[in-house]
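The structure appears right after this line, and notes come after that.
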Amino acid sequence: MPRCPVCDATVDVERTPTVPFCSDRCRLVDLGRWLNESYAVPQPRRPGSDASPNADGEADEAE
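Using my numbering, you'd call the opening residue of the sequence shown number 1478 and step up by one each time.
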């Protein structure tokens, strides 16, 4: 059986209408995490780019 990504409870996919979550509460917790930007989709690094963005969104020069 699959497990809920929020609370790790087992999810009965045939009886639970909130799949992959075990409940409406866990579904809303997950939505809140996305809206608060707790989750992020990783972006691939550009080749040759060792600089990380600073607070202004511009890349710092690597020393």
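For every residue, glycine included, the Cβ atom is placed at its ideal position computed from N, Cα and C.
Could you check if residue i is buried or exposed, using at least 16 other CB atoms within 10 Å of its CB as the buried criterion?
{"i": "residue 1484", "result": "exposed"}
{"i": "residue 1488", "result": "buried"}
Do the CB positions of residue i and residue j come within less than 8 Å of each other?
{"i": "residue 1510", "j": "residue 1516", "result": "yes"}
{"i": "residue 1493", "j": "residue 1504", "result": "no"}
{"i": "residue 1497", "j": "residue 1479", "result": "yes"}
Out of the options, point me to the one whose CA is closest to residue i's CA.
{"i": "residue 1482", "options": "1494, 1512, 1500, 1492", "result": "1500"}
Tell me which residues share the same chain as residue i and place their Cβ nearer than 6 Å to its Cβ, disregarding the 5 neighbours each side in the sequence.
{"i": "residue 1540", "result": "Any reading at residue 1540 needs caution, since the residue's pLDDT is 46, under 50, leaving its predicted position unreliable; the model's value is listed next. Counting only Cβ-Cβ distances below 6 Å, and skipping sequence neighbours, we find nothing."}
{"i": "residue 1486", "result": "1499"}
Contact criterion: CB-CB distance below 8 Å. Does residue i meet it with respect to chain B?
{"i": "residue 1520", "result": "The question asks about chain B, but that chain is absent: this structure has only one protein chain."}
Between which residues of its own chain and residue i is the CB-CB distance below 7 Å, once the five residues before and five after are set aside?
{"i": "residue 1507", "result": "1482, 1483, 1498"}
Task: Those runs of the alpha helix (DSSP H) which lie wholly inside the stretch 1487-1528 and span at least 4 residues - done: 1501-1512
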